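Under our numbering, the first residue of the sequence shown is numbered 372, with each subsequent residue one higher.
Beta carbons: idealized from backbone N, C-alpha and C, even for Gly.
Model, not experiment: these values are computed from the prediction.
Working notes for the structure below.
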Amino acid sequence: MLGSKPRVHLYILPCASQQVSTMGDRGASNHSEMTDFILAGFRVRPELHILLFLLFLFVYAMILLGNVGMMAIIMTDPRLNTPMYFFLGNLSFIDLFYSSVIAPKVIINFWSESKSISFAGCVAQLFLFALFIVTEGFLLAAMAYDRFIAICNPLLYSVQMSTRLCTQLVAGSYFCGCISSVIQTSMTFTLSFCASRTVDHFYCDSRPLQRLSCSDLFIHRMISFSLSCIIILPTIIVIIVSYMYIVSTVLKIHSTEGRKKAFSTCSSHLGVVSVLYGAVFFMYLTPDRFPELSKVASLCYSLVTPMLNPLIYSLRNKDVQEALKKLLKKKNISL
């Protein structure tokens with residue numbers, strides 16, 4: 372009897388140890404699953420990854436060169452110390468940062484086998500991108516109002532578009548972007564993610580993350596729709612009404628040269644607005660069963676638009692061209 376007890380205890384202890392070990396491994400596995408996401412990216416053949424890597428690297432290099440160059444030109448040339456270029460400098464700053472939230476991770480993932488992103492990294496990516504993209508929408512509305520005052524009330528332009536008002540408009544744009552981003556991010560990451568951890572997108576966006584959730588999305592979608600309406604409708608209305616007045620005023624100008632000059636100051640802004648809002652509307656109107664189309668639309672406003680904006684404003688704006696020539700001439704002289 373006494374000799375048999377140790378054998379019983381020796382038999383039980385390994386089982387208990389094994390069970391605890393198994394539970395610990397399972398808990399560690401669950402913890403790992405809850406803290407990582409996988410970015411699926413683009414569903415293309417592996418041999419195309421090098422081509423896409425080079426393409427994205429080129430686009431991001433152009434974004435850095437164009438937007439940093441635009442900010443440098445605006446800050447160094449005193450002639451560009453006007454409300455229009457103050458807004459344009461902030462637009463370049465926003466384009467630079469929200470593309471930098473996405474592009475480096477996309478480029479790295481073309482070489483990475485895991486393509487994982489931490490839970491905190493995913494939260495930060497969604498928060499920062501939502502912050503800057505919403506801020507850009509409000510900033511474009513402020514730029515439309517600036518063009519409206521410049522063309523429809525040119526004599527009062529310097530008074531109405533004061534430094535204080537310009538600063539308030541930009542600060543208000545960032546404030547609206549921050550509030551919207553906090554609401555969107557908190558709603559998204561309070562969902563229960565019980566499905567696959569693979570996000571069918573090349574960055575952490577709210578719609579692909581919703582597909583991973585097993586929560587009831589009705590209230591979430593209603594709040595998201597209301598938030599989108601509160602953000603998009605006012606900015607679109609301001610832009611449309613401003614350009615209605617601008618077109619009406621320009622058509623009253625008798626000289627062809629005057630009309631051409633007035634339209635040239637607005638064409639760049641209209642081009643930027645068309646590309647950004649066109650891509651946003653296309654993405655949100657694309658059904659969930661076509662995720663690849665949503666990726667293309669996201670690619671347009673997350674990387675293509677920040678690359679094109681400096682080109683649009685530099686190619687269509689004589690003041691920027693002259694300031695660039697002056698800056699390059701100074702560089703050559705110093706060398």
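If contacts are defined as beta-carbon pairs under 8 Å, then Thr606 and Leu511 qualify, I think. What distance do you get, rounded to the angstrom?
With a beta-carbon spacing of about 7 Å, Thr606 and Leu511 fall inside the 8 Å limit used to define contacts.
Can you say whether Lys476 is buried or exposed, counting buried as having 16 or more other CB atoms within 10 angstroms of its CB? In this structure Lys476 is buried. Its beta-carbon is surrounded by 16 or more other beta-carbon atoms within 10 angstroms.
Start-end ranges of the alpha helix (DSSP H) lying completely within the segment 427-496, minimum 4 residues:
The segment 427-496 contains these whole alpha helix (DSSP H) runs: 454-480.
>> Can you tell me whether Ser626 is helix, strand or coil according to DSSP?
In response: Ser626 carries a coil assignment under DSSP once its states are collapsed to helix, strand and coil.
Looking at Lys727: is its Cβ nearer than 8 Å to the Cβ of Phe413? Coverage of the chain is limited to positions 372 through 706, which leaves residue 727 absent and any answer about it impossible.
| Taking C-beta to C-beta, are Ser635 and Phe519 nearer than 8 Å? | No, these two residues do not count as a Cβ contact at 8 Å.
Alpha carbon to alpha carbon, what distance is there between Ser673 and Pro525? Looking at the two C-alpha atoms, the distance is approximately 35 Å.
Supposed close pair Phe468, Val570 - CB separation, criterion 8 Å: Not confirmed; about 22 Å, so no contact.
* Euclidean distance between Cα positions of Cys547 and Gln531 -> Those two C-alpha atoms are separated by around 22 Å.
Self-check item: Spatially closest choice to Ala694 from Val439, Arg660, Leu451 and Gly543, by CA coordinates
Solution: Ranked by how close their Cα comes to the Cα of Ala694, the residues Val439, Arg660, Leu451 and Gly543 have Leu451 in first place.
| Is the segment 489-498 in contact with the segment 541-561, if contact means three or more CB pairs nearer than 8 Å? | Yes, they touch.
- Task: Take Trp482 as the anchor and find which of Phe424, Ala542, Leu436 and Glu628 has the nearest alpha-carbon.
- Result: With distances taken between Cα atoms, Trp482 lies closest to Phe424.
- In chain order, what residues of the same chain have a beta carbon less than 8 Å from the beta carbon of Ser400, not counting five sequence neighbours either side? Bear in mind that a pLDDT of 36 at Ser400, under 50, signals an unreliable position, so the model cannot answer this.
Residue range of the alpha helix (DSSP H) that includes Leu716: The structure shown does not extend to residue 716, since the chain is modelled only from 372 through 706, so no value can be given for it.
>> Is the beta carbon of Val621 closer than 8 Å to that of Ala515?
In response: No, Cβ-Cβ distance for Ala515 and Val621 is not below 8 Å.
Tell me the DSSP secondary structure of Leu410 in three-state form. Three-state result, Leu410: strand.
Quick check on this structure: which residue in Ser487, Met678 and Arg578 has the alpha carbon closest to the alpha carbon of Asp659?
Here the closest residue by C-alpha is Arg578.
Open item on the list: Taking 6 Å as the limit between beta carbons, can you name the residues of its chain near Phe653, skipping five residues before and five after?
Closed with: Exclusion of the five residues before and after Phe653 leaves Ala668 as the residues of its chain whose Cβ lies within less than 6 Å of its Cβ.
Backbone CA spacing between Leu679 and Ser470 [nearest angstrom] | Straight-line spacing of the CA atoms in Leu679 and Ser470 works out to 12 Å.
Do you know how far the Cα of Pro681 is from the Cα of Met441?
The straight-line gap from Cα to Cα measures roughly 7 Å.
Can you say whether Ile445 is buried or exposed, counting buried as having 16 or more other CB atoms within 10 angstroms of its CB?
With 16 or more other Cβ atoms within 10 Å, it is buried.
Review point. With distances taken from CA atoms, which of Ser599, Ser595, Asp448 and Arg630 is nearest Lys700?
Key: Per the Cα distances, Asp448.
Worksheet item: Taking the alpha carbon of Phe427 as the point to measure from, which residue in Ile473, Ser595 and Tyr616 has its own alpha carbon closest?
Response: Cα-wise, what sits closest to Phe427 is Ile473.
Would you list the one or two residues that DSSP bridges to Val570? Looking at the DSSP output, Val570 bridges to Leu410.
Tell me whether the beta-carbon of Ser586 lies closer than 8 Å to the beta-carbon of Leu604. Remark: C-beta atoms of Ser586 and Leu604 do not approach each other more closely than 8 Å.
Exercise for the section: Please state if the CB of Asp517 and the CB of Phe464 are separated by a distance shorter than 8 Å. Expected result: Annotated as distal: Phe464 and Asp517, with beta-carbon spacing of 8 Å or more.
Check this for me: beta carbons of Cys493 and Tyr616, under 8 Å apart or not?
In this structure, Tyr616 does not lie closer than 8 Å to Cys493 by Cβ.
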